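K.L.:
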Amino acid sequence: MTYSAEKLNEEKVFKDPVHRYVHVRDRVIWDLVGTKEFQRLRRIKQLGTTFLTFHGAEHSRFNHSLGVYEIVRRIIDDVFDGRPEWDNDDRLLTLCAALLHDLGHGPFSHAFEKVFDFDHEDFTRAIILGETEVNKVLKNVGPDFPEKVAEVIAKTSEKKIVVSMISSQIDADRMDYLQRDAYFTGVSYGQFDMERILRVMRPREEQVVIKKSGMHAVEDYIMSRYQMYWQVYFHPVSRSAEVILTKILHRAKQLYKENYAFKHEPQHFTSFFCENVTLEDYLKLDEAVIMFYFQIWQNETDLILSDLCRRFVNRNLFKYAEFDPAKEYKKLAELNVLFLKAGIDPEYYLVVDSSSDLPYDFYRPGEEEERLPIHLLMKNGELRELSRESEIVDAISGKRRTDHKLYYPADFLADESTGKDIKKQILALLE
Numbered sequence: 084m085t086y087s088a089e090k091l092n093e094e095k096v097f098k099d100p101v102h103r104y105v106h107v108r109d110r111v112i113w114d115l116v117g118t119k120e121f122q123r124l125r126r127i128k129q130l131g132t133t134f135l136t137f138h139g140a141e142h143s144r145f146n147h148s149l150g151v152y153e154i155v156r157r158i159i160d161d162v163f164d165g166r167p168e169w170d171n172d173d174r175l176l177t178l179c180a181a182l183l184h185d186l187g188h189g190p191f192s193h194a195f196e197k198v199f200d201f202d203h204e205d206f207t208r209a210i211i212l213g214e215t216e217v218n219k220v221l222k223n224v225g226p227d228f229p230e231k232v233a234e235v236i237a238k239t240s241e242k243k244i245v246v247s248m249i250s251s252q253i254d255a256d257r258m259d260y261l262q263r264d265a266y267f268t269g270v271s272y273g274q275f276d277m278e279r280i281l282r283v284m285r286p287r288e289e290q291v292v293i294k295k296s297g298m299h300a301v302e303d304y305i306m307s308r309y310q311m312y313w314q315v316y317f318h319p320v321s322r323s324a325e326v327i328l329t330k331i332l333h334r335a336k337q338l339y340k341e342n343y344a345f346k347h348e349p350q351h352f353t354s355f356f357c358e359n360v361t362l363e364d365y366l367k368l369d370e371a372v373i374m375f376y377f378q379i380w381q382n383e384t385d386l387i388l389s390d391l392c393r394r395f396v397n398r399n400l401f402k403y404a405e406f407d408p409a410k411e412y413k414k415l416a417e418l419n420v421l422f423l424k425a426g427i428d429p430e431y432y433l434v435v436d437s438s439s440d441l442p443y444d445f446y447r448p449g450e451e452e453e454r455l456p457i458h459l460l461m462k463n464g465e466l467r468e469l470s471r472e473s474e475i476v477d478a479i480s481g482k483r484r485t486d487h488k489l490y491y492p493a494d495f496l497a498d499e500s501t502g503k504d505i506k507k508q509i510l511a512l513l514e
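What follows is the structure in structure tokens.
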């Protein structure tokens with residue numbers, strides 16, 4: 084029996100709070116889970132700084148990756164298997180891509196990427212194709228198999244239906260993270276009838292489509308996604324923590340470039356600050372390491388770095404005010420001047436943060452980030468784009484919602500021992 088077809092002597096299961104069980108029978112999948120690169124995902128939180136807002140949000144990328152794999156396994160084994168439009172030779176490729184799709188995420192993923200100008204998808208590809216345990220497992224399937232998996236995750240594979248199962252407007256990735264994040268944050272917004280959606284999924288050459296009878300379940304899914312983004316993912320308190328985290332990393336990088344004498348040499352960050360990061364460096368840096376540095380940087384002589392680290396570690400976050408950059412840019416300039424007069428560096432303590440989301444979009448060819456729409460399979464075999472059949476989805480299609488907040492340290496402004504009059508002016512502008 085070839086390695087790609089090898090099964091475990093006994094099915095392995097992971098107990099899971101969302102899917103009840105994650106089932107593994109394929110030897111390749113079991114071996115991938117055991118690699119050190121995949122195990123590293125246990126040390127990367129799924130929701131970054133959200134645990135400072137929703138205390139239950141301590142779950143990891145490891146949990147989520149297993150969940151995406153399980154959804155894809157169920158789609159293939161329970162729904163697609165035996166259907167003429169589905170090529171079961173793609174089963175292992177799809178399962179591997181589902182399991183490994185988030186492999187390259189760094190600590191506090193999106194904030195980390197902003198500071199160091201990284202894309203986690205580049206590192207996912209590097210891990211799959213580089214000298215790693217994951218690569219060795221995939222090469223045992225075939226010499227070109229790692230490249231095939233990387234292409235699916237990068238959305239460049241010619242197997243469009245496989246790509247759509249992992250990355251589209253209704254994919255296994257979204258279906259898992261909405262439910263998982265809702266469960267661990269304790270909110271009800273992310274709940275939808277996934278069982279129904281899986282039952283009405285059908286394979287087509289280019290993408291997965293949904294039987295018309297399942298339209299209402301899809302509407303519920305899209306509205307769940309909309310609510311999760313605005314009630315959880317873009318929560319202003321989580322964004323405050325992310326602003327501080329970003330500023331800590333910016334400050335540490337700035338100090339390093341100025342040859343500041345750190346009390347404890349930040350050796351794990353050196354290649355990041357010097358912009359010559361190797362894959363080995365990247366894989367060594369997880370959230371436990373970052374939190375270690377934040378702990379010790381609380382005692383640094385640089386007042387900005389030590390203050391920001393104390394804020395993050397002890398959850399003394401910035402307050403926020405509503406802000407409209409199009410109308411209030413003069414106010415922002417005035418606040419910058421007043422902050423400087425008050426002895427507060429606006430580079431680190433006056434921050435505009437913006438969040439934006441497009442809950443569903445129809446096809447706009449040629450646009451950046453083209454989105455393949457969700458298609459309904461009608462009784463006569465015709466495919467119809469979802470928003471043409473659903474009034475609910477049509478109402479939100481193509482409508483981008485954006486929110487801006489201005490973050491600042493309220494405790495600094497409340498301290499009247501220095502610059503009392505200037506701080507009063509600042510508060511008057513903010514309020």
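What the sequence shown shows, in my numbering, is residues 84 to 514, in sequence order. Ideal Cβ placement from N, Cα and C applies to all residues, glycine included. The structure presented is a predicted model; accordingly, all values stated were derived computationally and were not measured.
1) Pick out the complete alpha helix (DSSP H) segments inside the segment 233-307, 4 residues or longer, and give them in chain order.
2) Could you give the residue range of the alpha helix (DSSP H) that holds GLU216?
3) Is ILE112 near LEU186, with beta carbons less than 8 Å apart?
4) Here's the rule I'm using: 16 or more other beta-carbon atoms within 10 Å means buried, otherwise exposed. How should GLY139 be labelled?
5) Give the single residue among PHE422, TYR339, PHE356 and ILE427 whose Cα lies nearest to the Cα of ASP390.
6) Could you give the residue range of the alpha helix (DSSP H) that holds LEU332?
7) For HIS203, name the three-state secondary structure that DSSP assigns.
8) Where does PHE134 land, buried or exposed, given buried means 16+ other C-beta within 10 angstroms?
9) So, under 8 Å CB-CB, ASP264 and ALA300 are touching, yes? Tell me the CB distance rounded to an integer number of Å.
10) State the Cα-Cα distance for the pair GLU216 and ASP202, rounded to the nearest angstrom.
11) Assuming TYR443 contacts ILE479 under a Cβ cut-off of 8 Å, what Cβ separation, rounded to an integer in Å, is found between them?
12) Leaving out five residues on either side along the sequence, give the residues of the same chain with a beta carbon under 8 Å from the beta carbon of PRO349.
13) Exposed or buried, ARG447, counting other C-beta atoms within 10 Å across all chains shown (16 or more means buried)?
14) Give me the Cβ distance between VAL593 and LEU281, rounded to the nearest whole Å; I'm assuming they're in contact under 8 Å.
15) Can you check whether the CB of LEU460 is closer than 8 Å to the CB of LEU466?
16) Measure how close the beta-carbons of VAL198 and THR118 come, nearest whole angstrom, since I'm counting them as under 8 Å.
17) Whole angstroms are fine: how far does the CA of ASP440 sit from the CA of TYR312?
18) By DSSP, does GLU452 sit in helix, in strand, or in coil?
19) Judging by CA-CA distance, which residue of TYR365, ILE509 and LEU510 is the nearest neighbour of GLU204?
20) Could you round the C-beta distance between SER321 and TYR272 to whole angstroms and report it? I think they count as a contact, below 8 Å.
21) On a CA-only basis, which of ILE457, ASP407 and GLU472 is nearest LEU513? Give me that one, please.
22) Taking THR207 as the reference, give the member of ILE236, PHE401, SER148 and PRO286 with the closest Cα.
23) Kindly give me the distance between the Cβ atoms of PRO492 and TYR403, rounded to whole angstroms, as I take these residues to be in contact under 8 Å.
24) For PHE352, decide whether its Cβ has a neighbour in chain C, counting only Cβ atoms nearer than 8 Å.
25) Within this structure, are the beta carbons of MET248 and VAL291 separated by less than 8 Å?
26) Do LYS506 and GLU499 count as a contact pair if the criterion is CB distance below 8 Å?
27) Have a look at ALA209 and VAL434 and give me their C-alpha separation to the nearest angstrom.
28) Confirm, please, whether the CB-CB distance from LEU400 to ALA497 is below 8 Å.
29) Please classify TYR343: does DSSP put it in a helix, a strand, or coil?
30) Return helix, strand or coil for ASP428, following the three-state DSSP convention.
31) Take TYR304 as the anchor and find which of ILE327, GLN274, PHE317 and LYS128 has the nearest alpha-carbon.
32) Classify HIS193: buried if its beta carbon has 16 or more other beta carbons within 10 angstroms, exposed otherwise.
33) For LEU489, write down the residues that DSSP places opposite it in a beta bridge.
34) Using the C-alpha atoms, what's the distance from GLU341 back to HIS333?
35) Going by DSSP in three states, LYS506 sits in which element: helix, strand or coil?
P.N.:
With the structure as the only source:
1) Listed in chain order, they are 243-249, 255-268 and 277-282.
2) Unbroken alpha helix (DSSP H) run through GLU216: 216-224.
3) In this structure, ILE112 sits away from LEU186, with a CB-CB distance that is not shorter than 8 Å.
4) Classification for GLY139: exposed.
5) Looking from the CA of ASP390, the closest CA among PHE422, TYR339, PHE356 and ILE427 belongs to ILE427.
6) Unbroken alpha helix (DSSP H) run through LEU332: 319-340.
7) Helix at HIS203.
8) The C-beta of PHE134 has 16 or more other C-beta atoms within 10 Å across all chains shown, which makes the residue buried.
9) Contact check for ASP264 and ALA300: beta-carbon distance about 19 Å, past the 8 Å limit, so the pair fails to qualify.
10) C-alpha separation (whole angstroms): 21 Å.
11) Rounded, the Cβ-Cβ distance is 6 Å, consistent with contact.
12) Apart from sequence neighbours up to five positions away, the residues of its chain that approach PRO349 with a beta-carbon distance below 8 Å are ALA335, TYR339, PHE356 and TYR376, ordered along the chain.
13) The pLDDT assigned to ARG447 is 41, lower than 50, so where the model puts this residue is not dependable, and the model offers no usable value.
14) One cannot answer for residue 593 here, as it falls past the ends of the chain, which runs 84 to 514.
15) Taking 8 Å as the Cβ cut-off, LEU466 and LEU460 qualify as a contacting pair.
16) Contact flag wrong, Cβ pair sits at about 28 Å.
17) Put simply, the backbone Cα of TYR312 is about 8 Å away from that of ASP440.
18) Bear in mind that a pLDDT of 48 at GLU452, under 50, signals an unreliable position, so the number given afterwards is only what the model happens to contain. Here GLU452 sits in coil by DSSP.
19) Of TYR365, ILE509 and LEU510, the residue nearest in Cα terms is TYR365.
20) Incorrect: roughly 15 Å between the Cβ atoms, too far for contact.
21) In terms of Cα proximity to LEU513, the closest of ILE457, ASP407 and GLU472 is ASP407.
22) Selected option, being the one with the closest Cα: ILE236.
23) The pair is not a contact, with the Cβ atoms about 11 Å apart (cut-off 8 Å).
24) The question asks about chain C, but that chain is absent: this structure has only one protein chain.
25) Yes, they are a contact pair.
26) Yes, they are a contact pair.
27) About 33 Å.
28) For ALA497 and LEU400, no; Cβs fall outside 8 Å.
29) DSSP places TYR343 in coil when its eight states are reduced to three.
30) Of the three classes helix, strand and coil, the one that applies to ASP428 here is coil, per DSSP.
31) Of the candidates ILE327, GLN274, PHE317 and LYS128, the one whose C-alpha sits nearest the C-alpha of TYR304 is GLN274.
32) It counts as exposed.
33) Beta-bridge pairing links LEU489 to ALA404 and VAL435.
34) Rounded to whole angstroms, the separation of the alpha carbons of GLU341 and HIS333 is 12 Å.
35) LYS506 sits in a helix when the DSSP states are folded into three classes.
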